[in-house]
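S.K.:
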Amino acid sequence: MISQQRLQGDVFFTNIQCREITSTSSNSPDLYYPDSMIRGRKSYQSSHDRYNFSHCEATPKYPLVNLPYCSTTSLSTRNSLIAVLWIFLGFVFVLQLAYSNFPNVTEEEKDHLKIPFNIEEAKQLGVVLNRYKGDHYYQVLLGVSLVYIFLQTFAIPGSLFLSILSGFLFPFSVALSLVCTCSAIGASMCFLLSQLLGRKIIMTYFPKRAEKWAAQVNNHKDNLLNYIIFLRVTPFLPNWFINLTAPVIGVPLMPFALGTFIGVAPPSFIAIQTGKTLQNMTSADGALNLNSAALLILFGVISLIPVVLKNKLRNKMN
1 MISQQRLQGD VFFTNIQCRE ITSTSSNSPD LYYPDSMIRG RKSYQSSHDR YNFSHCEATP
61 KYPLVNLPYC STTSLSTRNS LIAVLWIFLG FVFVLQLAYS NFPNVTEEEK DHLKIPFNIE
121 EAKQLGVVLN RYKGDHYYQV LLGVSLVYIF LQTFAIPGSL FLSILSGFLF PFSVALSLVC
181 TCSAIGASMC FLLSQLLGRK IIMTYFPKRA EKWAAQVNNH KDNLLNYIIF LRVTPFLPNW
241 FINLTAPVIG VPLMPFALGT FIGVAPPSFI AIQTGKTLQN MTSADGALNL NSAALLILFG
301 VISLIPVVLK NKLRNKMN
């Protein structure tokens, strides 16, 4: 009788023994499992032992963000760097060609034919280009467009000064069309370059920020166009970060390009209007003051109205 009870007890303790023991340092034990499976020993005395391992040795059972999978057939980092370098050199060659075909200018004026990185350089460049705009209108227009696309493609600062300069040189409608078109083309090319090389850069230097934005994009996947417009209008994220990160977290090219074209219009409107008084400006702060920032946020809220109405309509239909 006693031996039979002991036999039943051993079977009972064997059945309640845990076959898989995960980390006890986490409040959500199902979120992680160890790289090497840990199993309990076949005796009751050892079933209460606690196994500890650091979370750095654990693998997420379900990824927090569904980042695009990078297959082994994609270009290597070395080949990607070579491709980006050739594209950069191609842009430099085109810019040099446009510069060499520019009408004859004096030696003093040549010193001012460079990419403006502050308001004084933009003023001097505006004076030179305005002098030749009458006889060489399309050459000036093409030169400004090429430089704008170059800056956007390689995420180089300075496009704000070109927007202000466009407002000084061209009529409002021409300047706004130029800025929106060049921004969309340059951002799309930066998008494509980031697909070649950007994933490793973003995941190395901005992993938490990229993961956070990927979660937001996933929440707005049904309204990506409006979301991209909102990001472009409002000053919450820098444009270079949006351009580099978008392809890494799975944003499609078409809504990205169209959202950029529409979204840059409100801030460009302010910069172009400011450009009418370029020669009176002392710094770029005049283009983006507190009132301008409030106006941009208002435009951003307006861009989200269709999303709110769409969600309400969907809830009513459900």
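Counting along the sequence shown from 1, when you hit position 52 you're at 52 in the UniProt record's numbering, and nothing is skipped either side. Cβ atoms here follow ideal geometry from the backbone N, Cα and C, with glycine treated the same way.
Could you check how far apart the C-beta atoms of T245 and I202 are, in whole angstroms? I think they sit under 8 Å.
M.R.: Yes, T245 and I202 are in contact; Cβ-Cβ is about 6 Å, under 8 Å.
S.K.: Please classify N239: does DSSP put it in a helix, a strand, or coil?
M.R.: Note: N239 maps to helix in three-state DSSP.
S.K.: Taking 6 Å as the limit between beta carbons, can you name the residues of its chain near V248, skipping five residues before and five after?
M.R.: Closer than 6 Å at Cβ, skipping near neighbours: G198, R199 and I202.
S.K.: Mind reading off the beta-carbon distance from C190 to S268? Whole number of angstroms is fine, and I expect it under 8 Å.
M.R.: That belief does not hold up - the Cβ atoms of C190 and S268 are roughly 17 Å apart, past 8 Å.
S.K.: Using 8 Å for Cβ pairs, my map puts L224 next to P266. What's the rounded Cβ distance?
M.R.: Incorrect: roughly 19 Å between the Cβ atoms, too far for contact.
S.K.: Please report the distance separating the alpha-carbon of A155 from that of S188.
M.R.: Spanning the two alpha carbons is a distance of roughly 11 Å.
S.K.: Could you say which of N243, L176 and E109 lies nearest to L192 if we only look at CA atoms?
M.R.: Taking only the C-alpha atoms, the option nearest L192 is N243.
S.K.: Out of T277, I272 and K276, point me to the one whose CA is closest to L163's CA.
M.R.: Looking at the sequence itself, residue 163 is Ser, so the reference to Leu does not match. Nearest option by C-alpha distance: I272.
S.K.: Check each candidate in F261, E109 and L129 and name the one with the smallest Cα separation from C183.
M.R.: Residue identity differs from the one stated: residue 183 is Ser in this sequence, not Cys. Looking at the Cα atoms, F261 is the closest of the given residues.
S.K.: Looking only at C-alpha atoms, which of G134, R78, A122 and Q139 sits nearest to S100?
M.R.: It is Q139.
S.K.: Just to confirm, are A122 and L278 a CB contact at a threshold of 8 Å?
M.R.: Yes; because the gap between Cβ atoms is below 8 Å, this pair is in contact.
S.K.: Can you tell me whether F161 is buried or exposed? The criterion is at least 16 other CB atoms within 10 Å of its CB, across all chains shown.
M.R.: With 16 or more other Cβ atoms within 10 Å, it is buried.
S.K.: Taking Cβ positions, are S166 and L151 nearer each other than 8 Å?
M.R.: The answer is no: Cβ separation not under 8 Å.
S.K.: Measuring only the C-alpha atoms, how far is P252 from R131?
M.R.: Spanning the two alpha carbons is a distance of roughly 42 Å.
S.K.: Assuming contact is defined by CB atoms lying nearer than 8 Å, are P171 and F117 in contact in what I supplied?
M.R.: Contact: no.
S.K.: So, helix, strand or coil for L245, using DSSP?
M.R.: The sequence shown places Thr at residue 245, not Leu. Here T245 sits in helix by DSSP.
S.K.: What does the alpha-carbon distance come out to for the pair Q124 and A98?
M.R.: If I take the Cα positions, the gap works out to 19 Å.
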